[in-house]
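K.L.:
Input: one structure, supplied below.
Protein chains in written order, with the working numbering: chain A, 33 to 248; chain B, 124 to 700.
Below, the structure is given as structure tokens:
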């Protein structure tokens with residue numbers, strides 16, 4: 033049973049590159065490719081396991097699409113965001129809106145297939161950069177006007193895990209360091225994502241990004 | 124209610140008339156409430172004896188204006204002793220005969236105003252009570268209120284920052300109370316030879332204090348204060364002299380009274396006139412009070428029929444009401460002073476606020492300019508960074524492609540390094556001043572995928588304590604580029620299969636970053652083996668210098684290459700997460 037993938041990317045070159053990567057992987061099946069937000073909305077009722085989408089679409093921001101997908105609930109497909117630079121604001125806004133990770137646009141198509149499959153199995157749920165971005169987000173919150181929110185948001189254990197992941201520890205290394213199972217690491221990561229998405233500051237950050245205050 | 128605001132003489136007239144109205148209103152209220160109805164004239168002895176004989180109920184006698192006990196004899200009645208302000212019961216006794224009646228004081232000669240009455244007990248008792256109220260209770264009331272108000276003024280002195288007017292007025296009120304007591308009861312309570320000196324000494328001291336009070340009220344003049352004190356000393360010396368000479372005070376006191384009261388009144392009028400020029404409001408209020416006092420004395424002298432004397436003497440009521448007036452005046456002045464102080468304070472506050480605002484404006488301007496300068500510096504830095512990295516790479520690539528010197532894989536490699544450099548710049552901008560362990564983990568994340576695809580493992584190890592120190596944007600970008608160059612060398616020239624990036628603390632607070640590979644290695648001394656490699660090493664050393672760091676290159680043929688970079692860092696204190 034192959035996982036259904038939809039690509040939302042307005043640049044045909046990149047869309048084709050990513051499409052090749054998806055199709056090259058045994059576990060993935062490319063259902064559709066669209067270049068607009070409207071086109072993507074038309075595909076939301078399909079049974080989809082993974083969205084790979086660009087944030088800068090001609091008729092809106094991919095952030096909106098992420099929020100709409102997350103608002104539907106139900107099966108909760110995985111979402112990966114395509115990024116040129118993998119920079120902090122883009123990735124953090126996507127993650128806080130509900131994305132699971134990001135792909136650099138220029139990586140090898142074989143890597144695209146692999147990373148997409150990893151995202152589906154939850155094998156590599158939190159890359160060092162995402163962990164670091166989340167930590168910075170929390171640090172900024174603590175230095176902000178409501179300093180307790182950053183502390184209260186995540187448990188000390190989750191912060192510890194983020195610090196290890198941001199240092200480049202693999203899931204296995206982090207599990208050994210914290211003396212917990214890799215399965216528990218996965219649970220922690222899910223919990224971190226869930227908490228980030230419901231936090232007010234996360235929403236504010238996403239809104240700021242969408243309204244163009246932050247760069248794309 | 125909004126009264127029209129009166130000004131000028133209308134206002135003065137309104138104040139004066141208002142004070143009179145208040146005083147006489149209070150007077151009428153008290154008299155109407157307390158004075159027994161009707162007159163005692165028909166009970167006056169000796170004419171009342173006829174009436175007395177036909178009296179059915181209890182009869183009694185009463186003498187108004189007594190200073191001590193007096194003996195009353197009426198034919199047909201037992202002799203009875205009358206006391207001041209008290210009615211005494213009369214008992215029939217037919218044995219006492221004769222047609223004459225007599226009324227004689229027991230201690231001294233009776234005062235001229237002393238008049239005896241006889242009649243029904245109720246009527247006499249009421250008359251006696253009224254006299255008691257007028258002559259004794261009222262005085263006690265005056266004494267008590269004056270003493271209390273005086274004491275209150277003195278106790279509250281610190282509140283008004285030891286106002287001279289308040290202190291002197293407090294002393295004046297206390298002296299008025301003492302004088303009232305001495306005048307009414309002193310002779311009986313203090314039957315000593317020196318009592319007159321005490322009594323009149325107190326009285327003139329009180330008048331002196333009144334003069335000082337006026338002085339303080341209109342604007343303190345030390346010379347006038349000394350003059351008032353001098354007058355008191357002269358008067359007291361005269362009293363003392365009289366005392367020692369054994370002469371009676373009765374001869375000199377009226378003269379002294381007349382002189383001192385005239386002086387005081389004259390001084391008061393002069394002072395008020397002087398004050399009226401600068402502060403008409405208070406002067407008019409004091410004038411109103413003085414006029415009330417004068418009116419009450421005139422009323423007593425000319426209008427109140429002396430023989431009956433049953434109406435309340437207005438001048439008895441005047442002092443307490445006058446004192447209330449003075450207290451009101453003091454309270455009003457205190458309020459004014461407070462208001463002025465408040466206005467001065469808010470004025471000061473406004474000035475401070477304005478200065479604050481202008482300081483804020485200039486500091487905002489300064490901050491704005493600082494920001495502009497910082498943005499400008501940042502822009503120049505960005506331009507320099509683009510020259511130094513991606514710009515140079517793309518230019519070389521362009522020139523090489525134009526001259527058809529490059530194969531497709533070489534072009535891809537060049538473009539890849541341009542994109543890598545862009546990512547390094549973006550990451551340095553994002554990650555500057557963040558912990559260095561996170562920054563290097565992200566660098567490794569960026570590089571490892573592609574290296575793995577080429578069969579090269581990139582390991583990363585960090586043994587820095589958490590929180591790790593941080594580098595600023597510039598130094599971080601230099602570090603990224605140095606490492607990028609090192610990895611490119613390892614891949615291109617050394618055919619490495621394993622690269623290790625290790626970060627460790629060093630003894631002197633610096634951070635040691637080691638990039639090791641298992642490639643072919645080279646002899647650093649003769650690093651001119653390949654032109655590209657030589658340029659790469661020079662570039663790396665330059666970047667190490669940009670970071671204030673030191674780069675050691677350890678390599679030998681067949682033993683791989685170790686780049687050891689020591690960077691001094693300031694430990695980012697206070698970071699936790």
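Positions of the beta carbon are idealized from the N, C-alpha and C atoms, including for glycine.
Every value quoted in this text rests on a predicted model; they were computed, and no experiment measured them.
Counting contacts by CB-CB distance shorter than 8 Å, is residue 564 of chain B in contact with chain A?
P.N.:
By one-based count along the second chain, residue 564 of chain B stands at place 441. Yes, residue 564 of chain B counts as interfacial toward chain A.
K.L.:
Could you run through the segment 569–603 of chain B and flag, in chain order, every residue whose CB is less than 8 Å away from some CB of chain A?
P.N.:
Answer in chain order: 569, 572, 573, 576, 583, 585, 589.
K.L.:
CB residue 214 of chain A to CB residue 199 of chain A, shorter than 8 Å?
P.N.:
What you label residue 214 of chain A is simply residue 182 of the first chain in a count that begins at 1. What you label residue 199 of chain A is simply residue 167 of the first chain in a count that begins at 1. Taking 8 Å as the Cβ cut-off, residue 214 of chain A and residue 199 of chain A do not qualify as a contacting pair.
K.L.:
Measuring straight from C-alpha to C-alpha, what distance separates residue 236 of chain B and residue 188 of chain B?
P.N.:
As a working mapping, residue 236 of chain B is identified with position 113 in the second chain. As a working mapping, residue 188 of chain B is identified with position 65 in the second chain. Their backbone Cα atoms lie some 6 Å apart in a straight line.
K.L.:
Throw me the rounded Cβ distance for the residue 619 of chain B and residue 579 of chain B pair, which I believe falls under 8 Å.
P.N.:
As a working mapping, residue 619 of chain B is identified with position 496 in the second chain. As a working mapping, residue 579 of chain B is identified with position 456 in the second chain. Yes, they are in contact, since the Cβ atoms of residue 619 of chain B and residue 579 of chain B sit about 6 Å apart, within 8 Å.
K.L.:
Is it right to say residue 508 of chain B is buried, meaning 16 or more other beta carbons lie within 10 angstroms of its own, or is it exposed?
P.N.:
Start at 1 with the first residue of the second chain, and residue 508 of chain B comes out as number 385. Under this definition residue 508 of chain B is a buried residue.
K.L.:
Taking all protein chains shown into account, do 16 or more other C-beta atoms lie within 10 angstroms of the C-beta of residue 431 of chain B, making it buried, or fewer, making it exposed?
P.N.:
Along the second chain, one-based indexing puts residue 431 of chain B at 308. Any reading at residue 431 of chain B needs caution, since the residue's pLDDT is 43, under 50, leaving its predicted position unreliable; the model's value is listed next. It is exposed - the Cβ of residue 431 of chain B has fewer than 16 other Cβ atoms within 10 Å.
K.L.:
Counting only the same chain and skipping the five closest in sequence on each side, list residues whose C-beta sits under 6 Å from that of residue 584 of chain B.
P.N.:
Your numbering for residue 584 of chain B matches position 461 in the second chain. Excluding residues within five positions, the ones whose Cβ falls inside 6 Å are 625.
K.L.:
Quick check on the DSSP output: the alpha helix (DSSP H) that includes residue 601 of chain B runs from which residue to which?
P.N.:
For the purposes of this step, residue 601 of chain B is identified with residue 478 of the second chain, where counting begins at 1. Here the alpha helix (DSSP H) through residue 601 of chain B covers 596–615.
K.L.:
By Cβ distance below 7 Å, which residues in the same chain neighbour residue 449 of chain B in space, the five residues on each side in sequence not counted?
P.N.:
As a position in the second chain, residue 449 of chain B is number 326, starting the count at 1. So the list reads 292, 412, once near-sequence residues are dropped.
K.L.:
Give the range of the beta strand (DSSP E) segment to which residue 593 of chain B is assigned.
P.N.:
Here the question's residue 593 of chain B lines up with position 470 in the second chain. Segment: none, residue 593 of chain B is in no beta strand (DSSP E) and carries neither H nor E.
K.L.:
Check distances from the C-beta atoms of the segment 108–140 of chain A to those of chain C and list, in chain order, the residues that come in under 9 Å.
P.N.:
Reference to chain C is not applicable here, since the protein chains of this structure are A and B.
K.L.:
Taking 8 Å as the CB-CB cut-off, is residue 505 of chain B touching chain A?
P.N.:
Here residue 505 of chain B is taken as the residue at index 382 of the second chain, counted from 1. Taking Cβ atoms only, chain A never reaches closer than 8 Å to residue 505 of chain B, which makes this a no.
K.L.:
At which residues does the alpha helix (DSSP H) containing residue 202 of chain B begin and terminate?
P.N.:
Counted from its first residue, the second chain places residue 202 of chain B at position 79. Run containing residue 202 of chain B: none; DSSP gives neither H nor E here.
K.L.:
Among B/221, B/395, B/457, which residue has its Cα nearest to the Cα of residue 201 of chain B?
P.N.:
Working through the second chain from its first residue, we reach residue 201 of chain B at position 78. It is B/221 whose Cα lies nearest to the Cα of residue 201 of chain B.
K.L.:
Could you check the C-alpha separation between residue 61 of chain A and residue 86 of chain A for me, to the nearest Å?
P.N.:
On the first chain, position 29 is the one that residue 61 of chain A refers to. On the first chain, position 54 is the one that residue 86 of chain A refers to. About 19 Å.
K.L.:
At a cut of 8 Å, does the segment 327–337 of chain B reach the segment 290–304 of chain B through at least three beta carbon pairs?
P.N.:
Contact between the segment 327–337 of chain B and the segment 290–304 of chain B is present, because at least three Cβ pairs lie under 8 Å.
K.L.:
Within 10 Å of its beta-carbon, does residue 461 of chain B have 16 or more other beta-carbons around it, so buried, or fewer, so exposed?
P.N.:
Walking along the second chain from the start, residue 461 of chain B turns up at place 338. Under this definition residue 461 of chain B is an exposed residue.
K.L.:
Between which two residues does the alpha helix (DSSP H) carrying residue 185 of chain B extend?
P.N.:
Stepping through the second chain from its first residue, residue 185 of chain B is reached at position 62. Per DSSP, residue 185 of chain B belongs to no alpha helix (DSSP H); it is in the beta strand (DSSP E), 182–187.
K.L.:
Below 8 Å between beta carbons: does that hold for residue 144 of chain A and residue 131 of chain A?
P.N.:
Taking the first chain and counting its residues from 1, one reaches residue 144 of chain A at position 112. Taking the first chain and counting its residues from 1, one reaches residue 131 of chain A at position 99. For residue 144 of chain A and residue 131 of chain A, no; Cβs fall outside 8 Å.
K.L.:
Are the C-beta of residue 342 of chain B and some C-beta of chain A separated by less than 8 Å?
P.N.:
Your numbering for residue 342 of chain B matches position 219 in the second chain. No, residue 342 of chain B lies away from the interface with chain A (no Cβ there is under 8 Å from its Cβ).
K.L.:
Should residue 560 of chain B be flagged as near chain A, meaning a C-beta pair shorter than 8 Å?
P.N.:
Residue 560 of chain B sits at position 437 when you count from the first residue of the second chain. Yes, because at least one Cβ of chain A sits closer than 8 Å to the Cβ of residue 560 of chain B.
K.L.:
Should residue 352 of chain B be labelled buried (16 or more other beta-carbon atoms within 10 Å of its own) or exposed?
P.N.:
As a working note, residue 352 of chain B is residue 229 in the second chain. By the 10 Å Cβ count, residue 352 of chain B comes out exposed.
K.L.:
I'd like to know if residue 546 of chain B contacts chain A, where contact means its C-beta is closer than 8 Å to some C-beta of that chain.
P.N.:
To locate residue 546 of chain B, count along the second chain from 1; it is residue 423. Closer than 8 Å: yes.
K.L.:
Within a Cβ cutoff of 6 Å, which residues of the same chain sit near residue 165 of chain A, ignoring the five residues on either side of it in sequence?
P.N.:
Position 133 of the first chain, counting from 1, holds the residue named residue 165 of chain A. Only 120, 123, 124 meet the Cβ criterion.
K.L.:
8 Å is my cut-off, CB to CB: does residue 549 of chain B come that close to chain A?
P.N.:
The sequence position of residue 549 of chain B within the second chain is 426, counting from 1. Taking Cβ atoms only, chain A reaches closer than 8 Å to residue 549 of chain B, which makes this a yes.
K.L.:
Span of the beta strand (DSSP E) holding residue 510 of chain B?
P.N.:
As a first step, residue 510 of chain B is located in the second chain; it is residue number 387 there, counting from the start. Segment: none, residue 510 of chain B is in no beta strand (DSSP E) and carries neither H nor E.
K.L.:
For the beta strand (DSSP E) containing residue 623 of chain B, list its first residue and its last residue.
P.N.:
What you label residue 623 of chain B is simply residue 500 of the second chain in a count that begins at 1. Here the beta strand (DSSP E) through residue 623 of chain B covers 621–628.
K.L.:
Please name the residue in B/170, B/310, B/204, B/164 whose C-alpha comes closest to that of residue 183 of chain B.
P.N.:
On the second chain, residue 183 of chain B is found 60 positions in, with the first residue counted as 1. Of the listed residues, the one whose Cα sits closest to residue 183 of chain B is B/204.
K.L.:
Can you give the Cα-Cα distance for residue 344 of chain B and residue 393 of chain B, rounded to whole angstroms?
P.N.:
As a working note, residue 344 of chain B is residue 221 in the second chain. As a working note, residue 393 of chain B is residue 270 in the second chain. Cα-Cα distance, rounded: 13 Å.
K.L.:
What residues from chain A crowd round residue 553 of chain B, counting only those whose CB sits closer than 7 Å?
P.N.:
Here residue 553 of chain B refers to the residue found at position 430 when the second chain is read from its first residue. Neighbours of residue 553 of chain B on chain A, chain order: 119, 120.
K.L.:
Taking C-alpha atoms, which residue in B/329, B/410, B/500 lies nearest to residue 395 of chain B?
P.N.:
Working through the second chain from its first residue, we reach residue 395 of chain B at position 272. Minimum Cα distance to residue 395 of chain B is reached at B/410.
K.L.:
Thinking C-alpha only, which one of B/389, B/422, B/299 is nearest residue 266 of chain B?
P.N.:
Looking up residue 266 of chain B in the second chain gives position 143. It is B/299.
K.L.:
For residue 391 of chain B, which of helix, strand or coil comes out of DSSP?
P.N.:
As a first step, residue 391 of chain B is located in the second chain; it is residue number 268 there, counting from the start. Helix.
K.L.:
Please name the residue in A/63, A/55, A/146, A/69 whose C-alpha comes closest to that of residue 253 of chain A.
P.N.:
As displayed, chain A neither begins before 33 nor continues past 248, which places residue 253 of chain A out of reach and without an answer.
K.L.:
If we define contact as Cβ-Cβ less than 8 Å, is residue 198 of chain A a contact residue for chain B?
P.N.:
By one-based count along the first chain, residue 198 of chain A stands at place 166. Interface residue, yes.
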